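Residue numbers (our numbering), protein chains in the order written: chain A, 15 to 219; chain B, 287 to 758.
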């Protein structure tokens, strides 16, 4: 059975992420223990809410270093929603806050005139890459996923972008840089498409 | 707008069960919200809404337990409402796994409730349910806000209330026309337009859906972001897929439904073999052929359809004999070139009158070995006999005598047989123990019949316990 560590750092509803993996038969360890996170082969960083307090919580508990250590060791990391945004270098949500810096780019608001939050089902369009992204394996070219967010990354390295979504213009909605993966949407709420993404994450490296 | 317009089935809940003419006849438990929810997701629903219709006026607490069960199976967002009066009520539903809560009557009394929930959990979690009714004003139509499940008129009007609720923190408006609800004559577009003028947050149109062409106008003409319906989906008048295809044909952006049957590999004649299995007994009933149209008809009607190679025509099983098969599920095999219908058969499968085509009189059979003794107990015949006695009492039947004496006496018998089984286990031989176990099982079945407890309830418990064990 696949084992996955879901980082519990007091931010948002980690339970739905846990259930999403459990529905696939994975064994889920929900923990805020930095050592366990650092040693894991599959780590999920969930999160909803604001960037700054979330980052503060990661730093305070040493989880920021643990996540970086897990990634450096070759463990596969999956950031979801706010957890995805935290992978980038910084966010301009309510003042500038440094992120984990595992992905190049910064988190910004939507252009003026765009209705926020971006809530609902939208399309992910695979980005051209030399190698197909593992995170999107087995998905049809047109896939719909469920979003709830008010900020989005920009300035990502083109090679790291696995898919983009158009809402107030295209933005990187799925990233894959080696073993560091992230989704701006909620795969655990995205029906079969989301299940396929979670299965890909659990799958062989 | 690049976000898809959502199609939302609504499940009305009372006492933890789905009410309002739910006709998912093939479900093991037609009123189980969890099974209905899973089925709607599979059909392509974008979201589900659960409204506890008893919560508001019977002053009942909320549905936390049900929400937990739904959350454990569902992989699409869902909204829960009914009786949310405090921030804590909303918090309990969200913590149990709901994505959004709807607030109705309590927000009318105190709009700051919306603000407090939004501040704590984000406005995208807060849906204000607005029930409105047309009233004649001086020369114009007014939309009056109703409370208490649409039964009580308030002194509020639609546009100011929608604007106020939005300002207070509601992230979405679920607007139900009390007049149109249940009529199946279409949505109240004027009412939706009035609400649209008053807010920029998403509006869910509700009340009046009856025909396929009803679904696009709320979006195209009145700017709704989602369409919600209950009975057209429950009563299986339309599938989610049909509604989405109608919306797409009208130019509305929807998330298309993935069709699992599209993968079927038909042979050069356009046919695929179909094995038909009795879902209750597991017996193979027959083998026939289907083309794409037969599969589609089977799916849309819920009854077995095939393609006759001799008559070169589509046929509905039971069309002349009346022995139809209600289809519980359609499965493809590993290489997609064979189909399985799991059915509840209403009579024999075979034209000879035999239960299965493989037991027809004179059907050749070659026996190669003795069938092994069963490793389990088949209680189906026992349940069948007890059900029959219950429906048609028989003079001198021990079962009927027991049933007449009532639950108390039967419960006592179960206790006695339990003790006798326990005693036999430690003092008697195998034959006597088998006899006591048989008596115990028989009395348990009679007890269930007397209480009207559906076997599916017990099955469900066994299943959930198996699940729990797996977790450890």
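From the three backbone atoms N, C-alpha and C, an ideal C-beta is built for every residue, glycine too.
None of these values were measured; they are calculated from a predicted model.
**Q.** For residue 296 of chain B, the residue or residues it bridges with in DSSP
**A.** B/335
Q.
Measuring alpha carbon to alpha carbon, tell me which residue in A/70, A/32, A/87 and A/105 is nearest residue 52 of chain A.
A. With distances taken between Cα atoms, residue 52 of chain A lies closest to A/87.
**Q.** Within-7 Å CB hit, residue 214 of chain A to chain C
**A.** You won't find chain C in this structure, because its protein chains are A and B.
(Q) Run through chain B and tell me which residues come within less than 8 Å of residue 203 of chain A, C-beta to C-beta. (A) 361, 362, 363 and 385
Q: Starting from residue 180 of chain A, find everything on chain B with Cβ-Cβ shorter than 8 Å and list it in chain order.
A: 288
**Q.** Burial state of residue 342 of chain B, where buried means 16 or more other Cβ atoms lie within 10 Å
**A.** Residue placement at residue 342 of chain B is poorly supported in this model, since its pLDDT is 49, which falls under 50; the coordinates still yield a value, given next. Buried: at least 16 other Cβ atoms inside 10 Å.
Q.
Let me check understanding here. Comparing Cα to Cα, which of B/514, B/473 and B/506 lies closest to residue 494 of chain B?
A. B/473
Q) Are the beta-carbon atoms belonging to residue 320 of chain B and residue 355 of chain B less than 7 Å from one another? A) yes
Q. Expressed to the nearest angstrom, what Euclidean distance is found between the alpha-carbon atoms of residue 484 of chain B and residue 95 of chain A?
A. 31 Å
Q: Identify the contact partners of residue 209 of chain A in chain B, using a Cβ-Cβ distance below 7 Å as the criterion.
A: 361
(Q) Comparing C-alpha positions only, which one of B/750, B/747, B/414 and B/743 sits nearest to residue 317 of chain B? (A) B/743
Q: Throw me the rounded Cβ distance for the residue 397 of chain B and residue 451 of chain B pair, which I believe falls under 8 Å.
A: 6 Å
Q. Beta strand (DSSP E) containing residue 136 of chain A: first to last residue?
A. 132-140
Q: Starting from residue 178 of chain A, trace the beta strand (DSSP E) both ways and give me its first and last residue.
A: 175-180
Q) What is the C-beta distance between residue 669 of chain B and residue 731 of chain B, in whole angstroms, given that I count them as a contact (C-beta under 8 Å)? A) 6 Å
Q. Quick one: Cα of residue 410 of chain B to Cα of residue 440 of chain B, how far?
A. 26 Å
Q: Following the continuous beta strand (DSSP E) through residue 679 of chain B, name the residue where it begins and the one where it ends.
A: First-last for residue 679 of chain B: undefined, no H or E at that position.
Q. Can you tell me whether residue 654 of chain B is buried or exposed, with buried defined as 16 or more other CB within 10 angstroms of its CB?
A. exposed
Q: Leaving out five residues on either side along the sequence, give the residues of the same chain with a beta carbon under 8 Å from the beta carbon of residue 443 of chain B.
A: 428, 429, 430 and 431
Q: Check the Cβ of residue 327 of chain B against every Cβ in chain A and list those closer than 8 Å, keeping chain order.
A: 205
Q: State the Cα-Cα distance for the pair residue 395 of chain B and residue 196 of chain A, rounded to the nearest angstrom.
A: 43 Å
(Q) Suppose contacts are defined by Cβ-Cβ distances below 7 Å. Is residue 642 of chain B in contact with residue 635 of chain B by that definition? (A) yes
Q: Just confirm the distance between the C-beta atoms of residue 422 of chain B and residue 412 of chain B, as a whole number of angstroms; I'd bet it's less than 8 Å.
A: Rounded to the nearest angstrom, the Cβ distance from residue 422 of chain B to residue 412 of chain B is 33 Å, too far for a contact under 8 Å.
Q | Listed by chain order, chain A residues near residue 466 of chain B by CB distance under 7 Å | A | From the beta-carbon of residue 466 of chain B, no residue of chain A is found nearer than 7 Å; the closest lies around 24 Å away.
Q: Could you please give me the residues that DSSP links to residue 572 of chain B through a beta bridge?
A: B/562
(Q) Per the DSSP calculation, residue 594 of chain B is bridged to which residue(s)? (A) Looking at the DSSP assignment, residue 594 of chain B forms a beta bridge with B/599.
Q | Expected contact under 8 Å - CB spacing of residue 350 of chain B and residue 392 of chain B to nearest Å | A | Actually they do not touch by this definition, with Cβ atoms about 17 Å apart.
Q) Is any beta-carbon of chain A found at less than 7 Å from that of residue 750 of chain B? A) no
**Q.** Contact set between residue 358 of chain B and chain A, taken where Cβ atoms lie within less than 7 Å
**A.** 33
Q. Quick one: which chain B residues come within Cβ less than 9 Å of residue 29 of chain A?
A. 357, 381, 382 and 383
Q.
Can you check which of these residues, B/613, B/582, B/723 and B/568, is closest to residue 666 of chain B by C-alpha distance?
A. B/568
(Q) Please report the straight-line C-alpha distance between residue 296 of chain B and residue 337 of chain B, rounded to a whole angstrom. (A) 7 Å
Q) Considering only residues of the same chain and omitting the five flanking positions on each side of residue 756 of chain B, which have a CB-CB separation below 6 Å? A) Reliability fails at residue 756 of chain B, whose pLDDT of 47 lies under 50, so the model's placement of it is uncertain and no value is given.
Q: Thinking residue 359 of chain B and residue 331 of chain B are a contact (beta carbons under 8 Å), I'd like their distance in whole angstroms, please.
A: Not quite, the Cβ-Cβ distance comes to about 13 Å (not below 8 Å), so this is no contact.
Q | Per-residue contacts from residue 131 of chain A into chain B (C-beta, under 7 Å) | A | The contacting residues are 410.
**Q.** Contact set between the segment 540-572 of chain B and chain A, restricted to residues whose Cβ is under 7 Å from the partner
**A.** 541 and 544
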